[in-house]
Amino acid sequence: MNSELRGTLRKTLASLHSITSYLLRYKIQGSRVDFLSAKFITVSRDPSGERPSPNVPLKATSSKEEEIIGKGLAACQTRRLKEERSLLRTQPNEEERYILHEFFLKTIDRKNHSFRHRVLPPNHVWLDDAKLKNAVICFPIDRNVYNKIFGGYLMRLAFELAWSNAAMYARGRVSIVAVDDIMFRKSVEIGSLLLLSSQVVFYLRKLQMSLQVCYTVGDRMELSVHAEVLNVGTDTRVTADTFYFMFKADHDVPLVVPKTYAVTDCVLKD
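For the sequence shown, UniProt numbering puts the final residue at 270, and the numbers step up evenly by one.
Have a look at this one:
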């Protein structure tokens, strides 16, 4: 089976690029299988790596190219809108609050008439019991051309931690289904102490005007990995990267449920 990797630069905005890549496979009979697709939004940097660098704008010469550029612009706008609507900046709306309250009521012992007595429903796992953490010292061997820690190395660390957590949660081997949002928020310096925290997540995903509850469904699991740099001198932490992965087990897995509103708010994702 032959493979082909394609990449298309769809849009440039100031220093941003919108890029889509496809991995295609061709069978012996000649038929094509769309095996993998990935979307990237990257930023141009000047040679020092300290400042963004302006892009050369794209010019469409056909209706097909105009369509490609339009999709790239939509991807950039979607990314910006998700940042603006993040629950770290805005409070949950009425529909989100209703869904969270319904999950909260599932864990209430109604016989005691109190919110302090919590009951774990059958085939459920508390959100706090679905975590796995790791600490990594960043060595120069993993640096990039800007003398920062290479992003691919950070992605591997995050994936391995998420896979391990998913395997422990499912009590068996798991396979990757999708690599969801990955956000590189801050460069990681050589010598940094990187703290990685993996979580089987419960979150609300906004898809245009609809709201979808995502957590563990059947044999599927959504996991997040939060990477932060710890300053051991001041005991301060700065978020460097966030990762989301979806895994599949060979059997149905328990549902994850938040124990408190505070815990739920920590893992909500737009």
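A virtual CB, placed ideally from N, CA and C, is assigned to each residue, including glycine.
Residue 11 sits in a strand when the DSSP states are folded into three classes. Within the stretch 42-104, the runs of alpha helix (DSSP H) at least 4 residues long that lie entirely inside it are, in chain order, 63-84. C-alpha of residue 99 to C-alpha of residue 92: approximately 10 angstroms in a straight line.
The three-state reading of DSSP puts residue 146 in coil, since its state is none of H, G, I, E or B. Apart from the 5 residues on each side of it in sequence, residue 184 sits with its Cβ closer than 7 angstroms to the Cβ of 151 and 241 in its chain, given in chain order. Sequence-distant Cβ neighbours of residue 24 in its own chain, meaning closer than 8 angstroms and more than five residues away, are 3, 4, 5, 6, 32, 33, 34 and 35. Taking the Cα positions, residue 234 is about 37 angstroms away from residue 247.
Remark: C-beta atoms of residue 140 and residue 176 do not approach each other more closely than 8 angstroms. The residues 10, in chain order, have a CB closer than 6 angstroms to that of residue 68 in the same chain once the five nearest residues on each side in sequence are set aside. Between the alpha carbons of residue 158 and residue 132 lies a distance of about 11 angstroms.
For residue 165, the enclosing alpha helix (DSSP H) begins and ends at 151-170. As a beta-bridge residue in DSSP terms, residue 225 pairs with 198 and 243.
Of all alpha-carbon atoms in 224, 16 and 181, the one lying nearest the alpha-carbon of residue 57 is that of 16.
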